[in-house]
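Notes to accompany the following structure.
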Amino acid sequence: MTKTSSGVRIRADAALLAGLGRFGALAILIVVGALASDVFLSGRNISNIVTNASVIIILGVGQTIAIITNGPDLSAGSVLTICAVIATLMVKQLGIFFPIAILAALALGMFLGFLNGYMIARIGIPSFISTYGLQWAVFGFAYVILKGYVIYDFDTSFRFIGNGYLFGTIPMPIVVMLLVVTGGMFMLRRTVVGRELYAVGANRVAARMSGVDTEKKIIQAFILSGALAALAGIVLVARINAVQADIGKNYVLPVIAAVFMGGTSPTGGRGTLLGTVIGALIITVVQNGMNLLAVDSVWRDAVIGVLIILTVLIDITMQKRLARIQAA
Amino acid sequence: MGTPEYLLEMRNITKTFPGVRALDGVSFDLRPGEVHVLLGENGAGKSTLMKVLAGAYIPDSGELYIDGRLVDHFNPRHAQSLGVGIIYQEFNLVPYLNVAHNIFIDHMPRTLGGLALDHARMHRDAEALLKSLDMRVDTRALAHDIPVAQQQMVEVAKALTHDLKILIMDEPTASLCDREIEQLFRTIRELTARGIGIVYISHRLQEIPLIGDRITVLRDGRYVGTANAADLTQERMVEMMVGREISNLFNRSYRPRGEPALRVKDLSSRGTGLSNVNLTVHRGEIVGLAGLVGSGRTELARAIFHVDPHETGEIELLGKSLAKEDPKGAIRRGLALLPEDRKRQGLALILSVAENVVMASLSRLFPRGFLRNRREQESVSKYVQELRISTPGIRQFAKNLSGGNQQKVVLAKWLCTEAEVFMFDEPTRGIDVGAKQEIYAFMDDLARQGKAVLMISSELPEIIGLCDRVYVMREGSIVAELDRTEATQETIIAYAMGGVCADEGRAS
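Residue numbers (the working numbering), protein chains in the order written: chain A, 1 to 328; chain B, 1001 to 1508.
And the structure:
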């Protein structure tokens, strides 16, 4: 017998509460930023923040999908690097038409993602180990290829995806990011594949016994993560107009932090892209604010660290409160 | 003051959670050396009452006396120091510590002035303790590696390392076979002979007269009554638990069987020890698969469903051979398997009721690969109503449902695939009588609709009460096929245990 829909309301409330908690944290940070600095709310600065957040968010979408399905993709930073290196080498040294270079980079990202997925799903190496291992190998290759050199100064046509503007107003990284987020949301919420990814993460055994091809889903999730890392790499180098072998080194952990700040469960099966977007914005807003206020760099890491913990803490508190309501 | 005659007296205990009165003026007592059975359906308040006793919950009102003294503060440590021990259904052992370490987990003996653990003494003491209870468990084995029955013994021994007066046992026989249950009962008698009082929670009504002295029944958080175990029939127990008369637990409408729906020929699998299994299930039939735990019943169902591989043999589903595929292929062809471990294999607890129900039917419901809310809602609501799943809504998390309702969600998942052949592995394990009866009724319904049902069960009454035919398994083979008239408790047990000429050993 279906009773009233009070339980549904409770759950919606809880999701809303947790979401509101995150959103509130972001809002408070924005207010603080606006009070502390005149330029914070200027159109140019906001566009700057979102553009900066775009690379993190594009990576975050891939990371969220990987974590929902199985576990973190620690190789994303290295995949970003090698794909950026290959694409720019093709464009710059070999003079290859840039769309082909971009497609080649995406294909390479997908291949590396496939390797991750294969190691995890078919061989059974935990994602934490297999992707971490792959990261070392791939970074190694990047160093071998570049031998410490920096490739810089690319064609404007190639650079458009990173520093161009759509209709002369919206920075291209934001456009790419919005497309990726919309596509990801659609896939996770509205398609059978998305549903199956959640099922695999929530209970791999039950999913398999319900006819879900769990190994294939895990491989698909990591292929996606690899492709998005490649895309993030293209956008990033096109924007900063240079690439070196450690370009992706400091991305992965902040991205994973953004995903967890967004409420995705570390054990899989639960998480939203909207949460990841907010998590990434929180990190970027604070970094931007500290830049504007010229906060001593010694303090910046500490602030970010405290912030990450606080955001997740809010989330967990909300969840606990909900659990108590629902246990009754 | 409490009454000195009693080891334990709980008077008018009330406990509310936001929105729910879990216990409403419940009283319960226990004499030294007595086994007092606590009966009730899931959600009746048994666990809450025991958590109050064990100090995990603080009651809103009511009094608790242990040894005649009023207990004034509630925390697990304090309860333990007053002599209360509890063995939960899911054991509290540390899997990768050995038996002796587990037994002394919270007060390991030390040596070298407290700097090091005294392993030798721990093993010596653990061995002595186990021996005094006539238990044979290797104290150096890891808890993870020993059988469930022995893990339980370790839990008992662990409780005894404190000055134990009251031992709460929650469904202690749920995962034991008959021989192990006998051993457990011997242990319980040994404990009561020492003057320890046992609170015994169980859903297995048939074993209660064997071990219980008195019975107290709870329903919906209220006290229903207490009686001597000898004075209550099983029917009366059920009535008290459900609050209404359950006329007939098994209500089967036997009909002539149809064509064969599932046929297994000469199936063998070295990995799981199945050898030369042949069986047939017809449309309109419920066929039982009986046998001891470990006789290969679950392995057989998993092999048929292609969860595990098998080397030789043929599986024919609805007249077509089911070649080596995977569960996905089996499902698409109309086969369903309701697995024995609901929480690990049946459900994704952190997903919603709706997500669980459609999980096995995604490609059937949404052939284009895009979800359609309306369609999902309609299918799920249909089964929620049909199976009378008690949930506040289809978006509720599965983990918030009671055991019986969770099992119905798994059942709904398989109904939703529109399967023709259903395999049920222990479909009523750990669920209460009311839900059991409903699940039996649905199985009968399936048979009446011309579906084929194969049911694995360790509960002989349900095999006998429900099945048209029964296969009995022993050591990976089918040793008997009995029809409804031949299938008695004695015959099945005789075949399952192996008669005089049995035990030729498994081909290795």
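For each residue, glycine too, the CB sits at the ideal point set by N, CA and C.
- Interface annotation, A/V192: in contact with chain B, CB-CB separation under 8 Å.
- Within chain A, the residues whose beta carbon sits less than 7 Å from that of B/I1350 are A202, G269 and R270, listed in sequence order.
- In the DSSP assignment, A/P254 falls within the unbroken alpha helix (DSSP H) covering V252 to M261.
- Around the beta carbon of A/N70, a 10 Å sphere encloses 16 or more other beta carbons of the protein chains shown; the residue is thus reported as buried.
- Proximity of chain A to B/R1344 at the Cβ level (cut-off 8 Å) is accounted for by N203, V205 and A206, in chain order.
- If you draw a 10 Å sphere on the C-beta of B/H1107, you find fewer than 16 other C-beta atoms in it, and that means exposed.
- Near chain B, meaning a CB-to-CB distance below 8 Å, the residues of the region 207-222 of chain A are A207, R208, M209, S210, G211, V212 and D213.
- Chain B places no beta carbon closer than 8 Å to that of A/A230, leaving this residue out of the contacts.
- In chain order, S210 and G211 make up the part of chain A whose C-beta sits under 8 Å from the C-beta of B/I1331.
- For A/A142, the closest of A/S78, A/R190, A/F114 and A/M318 by C-alpha to C-alpha distance is A/S78.
- Check the Cα spacing between B/A1419 and each of A/I234, A/L231, A/S210 and A/L228: the tightest is with A/S210.
- DSSP lists B/D1029 and B/Y1065 as the beta-bridge partner residues of B/E1009.
- Under the three-state reduction of DSSP output, A/V61 falls in the helix class.
- Neighbours of A/A257 across chain B, judged by C-beta separation under 8 Å, do not exist; the nearest C-beta is about 22 Å away.
- B/R1031 has its alpha-carbon roughly 7 Å from the corresponding atom of B/E1005.
- With at least 16 other beta carbons inside 10 angstroms of its own, A/Q220 counts as buried.
- M1359, A1360, L1362, S1363, F1366, G1369, F1370 and L1371: these are the residues of the region 1359-1372 of chain B whose beta carbon lies less than 7 Å from some beta carbon of chain A, given in chain order.
- Just measuring C-alpha positions, the residue of B/Y1495, B/E1041 and B/T1280 sitting nearest B/T1216 is B/E1041.
- Secondary structure of B/A1487 (DSSP, three-state): coil.
- Think of a sphere of 8 Å around the beta carbon of A/A199: the chain B residues whose beta carbon falls inside it are A1348, L1351, E1355 and M1359, in chain order.
- Spatial neighbours of B/A1100 in its own chain (CB-CB distance under 6 Å, excluding positions within 5 residues in sequence) are listed in chain order as M1122, H1123, A1126 and T1139.
- Note that the C-beta distance between A/Q63 and A/I256 is below 8 Å.
- For A/G194, the enclosing alpha helix (DSSP H) starts and ends at V192 to A202.
- Neighbourhood of B/P1339 in chain A, by CB distance below 7 Å: M209, in chain order.
- DSSP places A/M90 in no beta strand (DSSP E) but in the uninterrupted alpha helix (DSSP H) bounded by A76 to K92.
- Cβ neighbours of B/Q1089 within its own chain (closer than 7 Å, five residues either side excluded): D1170, E1171 and A1174.
- Counting only runs of 4 or more residues that sit fully inside the region 1073-1143 of chain B, the alpha helix (DSSP H) segments are 1076-1081, 1099-1103 and 1119-1132, in chain order.
- For the options B/G1465, B/F1424 and B/E1462, the alpha carbon positioned closest to that of B/K1451 is the one of B/F1424.
- When only Cα atoms are considered, B/E1285 and B/V1137 end up about 44 Å apart.
- The beta carbons of A/A280 and A/G60 sit closer together than 8 Å.
- Excluding five sequence positions before and after B/R1372, the CB atoms of its chain that fall closer than 7 Å to its own CB belong to F1366, given in chain order.
- Here A/I68 really is in contact with A/L197; their C-beta atoms are around 6 Å apart, less than 8 Å.
- B/V1307 has a beta carbon lying within less than 8 Å of a beta carbon in chain A.
- DSSP places B/A1227 in the uninterrupted beta strand (DSSP E) bounded by R1222 to N1228.
- Put simply, the backbone Cα of A/A227 is about 50 Å away from that of B/A1447.
- For B/N1373, the secondary structure class from DSSP, reduced to helix, strand or coil, is helix.
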